[in-house]
Amino acid sequence: KEGGSSGGAPATMAGIAVGLDKGHQLTKKELKKRPAQRKGRLAERVRVVREVVKEVAGLAPYEKRIAELLRIGKDKRALKYAKKKLGTHVRGKRKRDEIADILRKQRK
């Protein structure tokens, strides 16, 4: 455990029994990264496969509706629809931005 409640740099143990930096003085041991520490990180292969599938299959029906709403300038309605379909505000925003990027690339 690291001492100190400041939340800044890791505390150095002072070797005394009381205070923020209490505890036995020691040097931190470098631990090997566990596989669990990379959980959720997108692998390159997975990213490429998803990209290819998206390119081949095209947009899902709900994504087409979001795209249509964005085309006619109803950004807020598109967000509300995406949010309802995907469950959370953040996921809805991310999907709306993703589809807006796709539309922007199509216009170029």
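Numbering (the numbering used here), first residue to last: 1281 to 1388. Even glycine gets a Cβ: it sits at the ideal position worked out from N, Cα and C. Values in this document were obtained by computation on a predicted structure and should not be read as measured data.
In the structure shown, what three-state DSSP assignment does residue i receive?
{"i": "V1298", "result": "coil"}
{"i": "Q1305", "result": "coil"}
{"i": "E1310", "result": "coil"}
{"i": "R1384", "result": "helix"}
{"i": "L1322", "result": "coil"}
{"i": "G1372", "result": "helix"}
{"i": "K1354", "result": "coil"}
Along the chain, where does the alpha helix (DSSP H) containing residue i start, and where does it finish?
{"i": "R1351", "result": "1341–1351"}
Look at the Cβ atom of residue i, then the Cβ atom of residue j, and state whether they are nearer than 8 Å.
{"i": "L1300", "j": "L1350", "result": "no"}
The segment 1350–1359 in contact with the segment 1368–1386 per 3-pair CB rule at 8 Å: yes
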